[in-house]
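Quick note: the sequence shown uses our numbering, first residue 118, plus one each step.
Below: one structure, written as structure tokens.
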Amino acid sequence: MEIDPRKLPDMPELMIAGPGELHEEDLEIMGRQVIAHYGDLWTKLHEQTIGQLARILGCRDLPYLIPGTGTACLDAAVANLFEAGQRVVVAQTGFFGTRLTQIAHAHGLDVIDLEVEVGAPIDATRVFEAAQKADGVLTVHVETATGVRHSIEEIARAASDAGAVYVVDGIASVGGEYLKVDQWGIDAVVTGTQKGLEAPPGYGILALSPGGRARLDARESRPAAFYLDLKTWDQYRDDWGAWHPHPVTMPTNLTLALGSSMARILEEGLETWIDRRHALAMRCREGLAALGLEPIPARGFGANLVVAHWADDPALIQKHLLAKGIMISGGLDPTMGKAIRVGLMGRTATDAMVDRMLDGVKEALST
Ligand SMILES: *Cc1c(COP(=O)(O)O)cnc(C)c1O
């Protein structure tokens, strides 16, 4: 059967582990006419958007905003902060921890895998020990496969004490968790637009601390890339800043929707916003636990944007919820086929939706 993109059937409401659904006003922005990606208005808007990102990430250096997804910027972070033959410690937290190993290998790095028990936080002391023999450390902030928030402030200290460059995948955390790039001394943090920032997918974002910037400036060779060479982006920012401060055509609608979404977060106040996300995750976690589903993360390490619980028959729960018009996620390695994961981001991240979802899970479990 052919799908007509102009006439989609009714779609379920998304409570998956990302992306989130857009808020109504941002949806309207996405439907507006395309604008030029250069000129006075655009340049101001672009600069303003990057300023909003810097506030959310807690960094003075202006973050890179690169069309692609979060993973494009993970590639960029590894390609630009390391050189082939260097060695990195990668925490094996689950599907996205494993992806960091794949990315490191793709760039010719040697990897020391640091095993991490499912549901447990990464042990910063073990990172320090392993990093003595390495040039860098790569970890996720939130592992989306398990719903665990890792203690990246401690890990940053351990990496720094060991003299290693620290790169964090913050794709499932930025906007929904406390994270301070400069204050915590994280060399590079990567995120995307479609999770905690509650905008459509399509941009990767990369923030550098002063240490990360110094590492980038100190390297001798250039990465084997043009698009993902951060110096390409620096050059356009420096030389074409007043008119076209980036080397490629930018997705203007996405930029507007991202700016609108971040204004919503910043107008409420980042801390208040995150605290509200935290309270919602607790409501969700306690509700699922009360139905007999055990949380995957160890107590105190559950993430705000992805709530993951063990389930005997996740497919049955998912199917029952879909029939009620709600889509959640199943597990992902190492929780594949053994867990449900609920995303709390975007339009559906409300008490009312969490309660509707919990009612559906309760019905599914009693069938
Ligand atoms: C979603 C996710 C990714 C993949 O991000 P893309 O934007 O699809 O490239 C990577 N890491 C984590 C932790 C994620 O949650």
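Here a beta-carbon is modelled for each residue, glycine too, at the ideal position from N, C-alpha and C.
Source: prediction; values computed, not measured.
Answer yes if the region 278-290 comes into contact with the region 241-257, meaning at least three C-beta pairs across the two stretches below 8 Å, and no otherwise. yes
Taking the CB atoms as reference points, tell me whether Ile457 and Ile443 lie closer together than 7 Å. no
7 Å CB neighbourhood of Ala342 in its chain, flanking five on each side removed: Ala196
Please check the pair Gly293 and Gly313, which I expect to be a contact at CB under 8 Å, by giving their CB distance rounded to whole angstroms. 4 Å
Report the residue ranges of all alpha helix (DSSP H) runs contained in full by the region 338-387; include only those spanning at least 4 residues, in chain order. 347-356, 369-385
What residues match up with Trp427 in a beta bridge as DSSP calls it? Ala456
If you run the structure through DSSP and keep just helix, strand and coil, what is Glu119? coil
Considering only heavy atoms of ligand 1, does any lie closer than 6 Å to the CB of Gly135? yes
Does the Cβ of Ile288 lie closer than 6 Å to at least one heavy atom of ligand 1? yes
Buried versus exposed call for His224 [16 or more other C-beta atoms within 10 Å across all chains shown]: buried
Per DSSP, what kind of secondary structure is Asp252 in: helix, strand or coil? coil
Decide if Glu138 is buried, meaning its Cβ has at least 16 other Cβ atoms within 10 Å, or exposed. buried
Distance between Pro318 and Gly309 (C-alpha atoms, nearest Å): 7 Å
Residues bridged to Pro184 [DSSP beta-bridge criterion]: Tyr320
Taking the alpha carbon of Asn370 as the reference point, which residue from Asp178, Leu345, Tyr320 has its own alpha carbon closest? Tyr320
Examine the Cβ distances between the region 163-180 and the region 343-353 and report whether three or more of them are shorter than 8 Å. no
Suppose you measure from the CA of Thr210 to the CA of Tyr283; what does that come to, to the nearest Å? 16 Å
Which two residues bound the contiguous beta strand (DSSP E) that contains Gly309? 305-309
Under three-state DSSP, which class holds Ala289? coil
As assigned by DSSP and simplified to three states, the class of Ala149: As written in the sequence, residue 149 is Arg, which differs from the Ala given in the question. It is coil, neither helix nor strand.
Verify the contact flag: Gly187, CB atom, against every heavy atom of ligand 1, threshold strictly below 6 Å. yes
Are there three or more Cβ pairs, one per stretch, closer than 8 Å when the region 462-475 is compared with the region 395-405? yes
is_contact[Ala316, chain B] using C-beta, thresh 7 Å: No chain B appears in the structure shown, which is made up of a single protein chain.
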